[in-house]
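Each residue of the first sequence is one higher than the one before, counting from 4 in the numbering used here. For each residue, glycine too, the CB sits at the ideal point set by N, CA and C. Data first, discussion second: the structure below is written as structure tokens.
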Amino acid sequence: MLDIKFIKEKLEQVKKNIKDRNMVADADLVVKLYDLKNSIQQKLDTLRQQRNENAAKMKGKLEHAVREVLIAEGKKLKEEISKLEKDFEEKEKEYKIAMMDIPNMAHPEAPVGKEDKENLEVKHWGDIPQFTFQPKDHVELAESLDLVDFDTATKVSGTKFYYLKNEAVILEMALTRYVMDIIIKEGFTPFITPDVAKEEVAAGIGFNPRGDESNIYTIEGTGTCLVGTAEITLGGYYAGKTIDASKLPIKMAGLSHCFRREAGAAGQFSRGLYRVHQFSKIEMFIYCLPEKSDEMHQYIRSVEEKIFQGLGIPYRVVDTCTGDLGASAYRKYDLEAWMPGRGDFGEITSTSNCTDFQARRLGIKYKDENGTNYLHMLNGTAMALSRAMIALLENYQQEDGSVRIPEKLIPYTGFDRICPKK
RNA sequence: GGAGAGAUGGCCGAGAGGCCGAAGGCGCUUCCCUGCUAAGGAAGUAUACUGGUAACGGUAUCGGCGGUUCGAAUCCGCCUCUCUCCGCCA
Numbered sequence: 004m005l006d007i008k009f010i011k012e013k014l015e016q017v018k019k020n021i022k023d024r025n026m027v028a029d030a031d032l033v034v035k036l037y038d039l040k041n042s043i044q045q046k047l048d049t050l051r052q053q054r055n056e057n058a059a060k061m062k063g064k065l066e067h068a069v070r071e072v073l074i075a076e077g078k079k080l081k082e083e084i085s086k087l088e089k090d091f092e093e094k095e096k097e098y099k100i101a102m103m104d105i106p107n108m109a110h111p112e113a114p115v116g117k118e119d120k121e122n123l124e125v126k127h128w129g130d131i132p133q134f135t136f137q138p139k140d141h142v143e144l145a146e147s148l149d150l151v152d153f154d155t156a157t158k159v160s161g162t163k164f165y166y167l168k169n170e171a172v173i174l175e176m177a178l179t180r181y182v183m184d185i186i187i188k189e190g191f192t193p194f195i196t197p198d199v200a201k202e203e204v205a206a207g208i209g210f211n212p213r214g215d216e217s218n219i220y221t222i223e224g225t226g227t228c229l230v231g232t233a234e235i236t237l238g239g240y241y242a243g244k245t246i247d248a249s250k251l252p253i254k255m256a257g258l259s260h261c262f263r264r265e266a267g268a269a270g271q272f273s274r275g276l277y278r279v280h281q282f283s284k285i286e287m288f289i290y291c292l293p294e295k296s297d298e299m300h301q302y303i304r305s306v307e308e309k310i311f312q313g314l315g316i317p318y319r320v321v322d323t324c325t326g327d328l329g330a331s332a333y334r335k336y337d338l339e340a341w342m343p344g345r346g347d348f349g350e351i352t353s354t355s356n357c358t359d360f361q362a363r364r365l366g367i368k369y370k371d372e373n374g375t376n377y378l379h380m381l382n383g384t385a386m387a388l389s390r391a392m393i394a395l396l397e398n399y400q401q402e403d404g405s406v407r408i409p410e411k412l413i414p415y416t417g418f419d420r421i422c423p424k425k
């Protein structure tokens, strides 16, 4: 949510931003509804003032006739007030709905563009492996190494679910532990968060739990939904709180399952583990002072890079273009790992600086000697385990069909190679 | 899941239809006093929205929502949370 005063002041910028982001939202309507709502409120306040004054006149002893006149006046005011209150509530609701559609402003240096093709590559790390044989993709590898069972999962749970088996189970746990160790050393407090969140929390973070295009599973009749990411549970953690500035930045990291409907997502780039309905992920989250958020954003990105450099997985970093930002993000960097199976880069992490957009919706403020104000919130993937698994299997595959385990991971797995089953 | 008790400002705690945005205490801020410290005295000390250049006003907020009333922290209904006891479970 943006500050309404900002919208009124910079209306043209806000409208351009909506257009750059390739989104539909009516900033003019928001301003109109705000002014209307306000003028009703002013009338309402005046009437309430009259009601209060009228009631105050009746405090002591009064003659019956005098009292009767005042009561009649009070009744009249009461009626007017309740009528106007209804009107006000209606307009306020409309205003809030319209307001929720307005996306965050984009960073002035974020590339302007419509879709992910226009994202700007800003960095490249590692050498793309040169194979002396035809590399397999992770689905073939998982099959020959008996690591993932998609078919049975389809029968039991539906498409885009999977069972991890054998070394893949240990590998997922090893990756989790490897990431946790790095992140704890960086000063993040580790969490395992709930996998369920209230719909208003999800909406506050910027996920719309309702509607056909929603990527969120709702739980019928409970007002809750399955989380698509621990960003929701970590970002909801301080909802409604005011935090002392001396406590900032707050750095949290949460492991959760992530559930996504992925309606309509198909095609070869969605193959296998790449786009699934359920996966596990460790998410970083930072609450900080507004003037620190750009710096924190770079910091989260550097932690993400450290994690994948440690595994020796080649990647590039892209600065996400305006059309691909999502409603909450002011700026977003994605790490894309080299995936030999597809012969291209594939997204493995994403970090967003959401500035005070989520904080306004969730009511999260900081307090210092100048008073209270909304703080800034940032999130970033430490590791999406299913996608990391793809990058690992595909980049570390050997000619004999086995997969090597990166040096730094061996202490966590206890084995240095996954071999084909006989 | 069942029964009971409770929810008031930064904290403790009074308040039981109008004199209550809310006593008193603690804390905090400023000032006075005392050679330092401790003690003492005075004043101030919630948030949001809103009117006004400002001074200063207005409205709302006593867990939440709804109701009764001319008027609700106070009465009524529903909900949430906390505590105690019982049941059930990993």
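Contact between the region 368-375 and the region 240-251 is present: 3 or more CB-CB pairs across the two stretches fall below 8 angstroms. Listed as beta-bridge partners of Asn376 by DSSP are Tyr369. Sixteen is the threshold: since fewer than 16 other Cβ atoms of the shown chains lie within 10 Å of the Cβ of Leu65, the residue is exposed.
The C-alpha of Thr354 is placed about 20 angstroms away from the C-alpha of Asn25.
The continuous stretches of alpha helix (DSSP H) do not include Asn107, and DSSP gives it neither H nor E.
Ala391 is the residue among Glu97, Ala391, Ser283 whose C-alpha sits nearest the C-alpha of Ile351.
In this structure, the CA atom of Ala156 is about 12 angstroms from the CA atom of Lys168.
Pairing Met61 with Tyr98, the inter-Cα distance amounts to about 38 angstroms. If you ignore the 5 residues before and after Arg263, its C-beta comes within less than 7 angstroms of the C-beta of Asn218, Gly231, His280, all in its own chain and listed in chain order. Look at Arg180 here: in three-state DSSP terms it is helix. Here Ala75 is exposed, its C-beta having fewer than 16 other C-beta atoms within 10 Å. Within the region 307-391, the complete beta strand (DSSP E) segments at least 3 residues long are 318-322, 334-342, 347-356, 368-371, 374-377, 379-387, listed from N- to C-terminus. Pairwise C-beta distances place the region 408-415 in contact with the region 174-182, as three or more of them are shorter than 8 angstroms. Residue state for Tyr290 is assigned as strand, using DSSP reduced to three classes.
Look at Lys295 here: in three-state DSSP terms it is helix.
The C-beta distance from Leu237 to Gly209 rounds to 13 angstroms, too long to meet the 8 angstroms contact threshold. By the criterion of a C-beta distance shorter than 8 angstroms, Glu95 is surrounded in its chain by Lys40, once the five residues flanking it on both sides are discounted.
Residue state for Leu167 is assigned as strand, using DSSP reduced to three classes. Counting every other CB atom within 10 Å of its CB across the protein chains shown gives Glu234 a total of 16 or more, marking it as buried.
DSSP assignment within the region 214-267 yields the following whole beta strand (DSSP E) runs of 3 residues or more, N-terminal first: 227-229, 245-247, 253-262.
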